[in-house]
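Going by my numbering, the sequence shown opens with residue 17, and the numbers climb by one from there.
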Amino acid sequence: MPQQTLTGSCLCGALKYRVTGEPARFFHCHCSRCRKSSGTGHASNLFVDQASLSWDGDTSMIKSYKVPEAQRFARTFCTRCGGPLPREIPDTKLVFVPAGTLDDEPNIKPQARIFQDSKTSWSCADAELPSFDQYPE
Ligand SMILES: [Zn+2]
Ligand SMILES: [Zn+2]
């Protein structure tokens, strides 16, 4: 995978980030933790390998919550808007990026839906629903 620099931001814009590395994995994850964390049917998660992560903004506004019984699952967020933010995964050179926070287009497309066994009956799946660019009439 080629190196890429991606920028992103939280909902309120107080925190902006830049991650440089190799976008390596891109999944729609239907697991219950991603559902609870995102409030939606799945989270779109990008992992950048050999990555460096830098911030622009008041980093004291970044907080993390790690699920106590989870090996690694944590949610990093802006304390003003609650919006999710990237985080470095301990003991790896991976940076986890909630793909919806990106302001740039990654040079990788989603590769799979994962944890389909946790998928809710109402969650979206490819090609089963009509799609719209905006709210339908
Ligand atoms: Zn924010
Ligand atoms: Zn998940």
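Every residue, glycine too, gets a C-beta built ideally from N, C-alpha and C. All values derive from a computational prediction rather than experimental measurement.
- Residues Cys45, Cys50, Ser53 and Pro114 of the same chain have their beta carbon placed closer than 7 angstroms to that of Ala59, with the five preceding and five following residues left out of the count.
- Per DSSP, reduced to three states, the secondary structure at Gly55 is coil, with no helix or strand assignment.
- Within the segment 106 to 144, the beta strand (DSSP E) runs of at least 3 residues that lie entirely inside it are, in chain order, 111 to 114 and 128 to 130.
- Relative to the non-hydrogen atoms of ligand 2, the Cβ of Arg88 never comes closer than 7 angstroms to any of them.
- In the displayed model, Ser76 falls within a helix according to three-state DSSP.
- Judged by beta-carbon spacing, Gly37 lies within the 8 angstroms limit of Val64, meaning their Cβ atoms are closer than that value.
- In the assembly as shown, Arg88 is an exposed residue. Its beta-carbon has fewer than 16 other beta-carbons within 10 Å.
- Here the C-alpha atom of Ala90 lies approximately 32 angstroms from the C-alpha atom of Asp149.
- Not a single heavy atom of ligand 2 lies less than 7 angstroms from the C-beta of Arg41.
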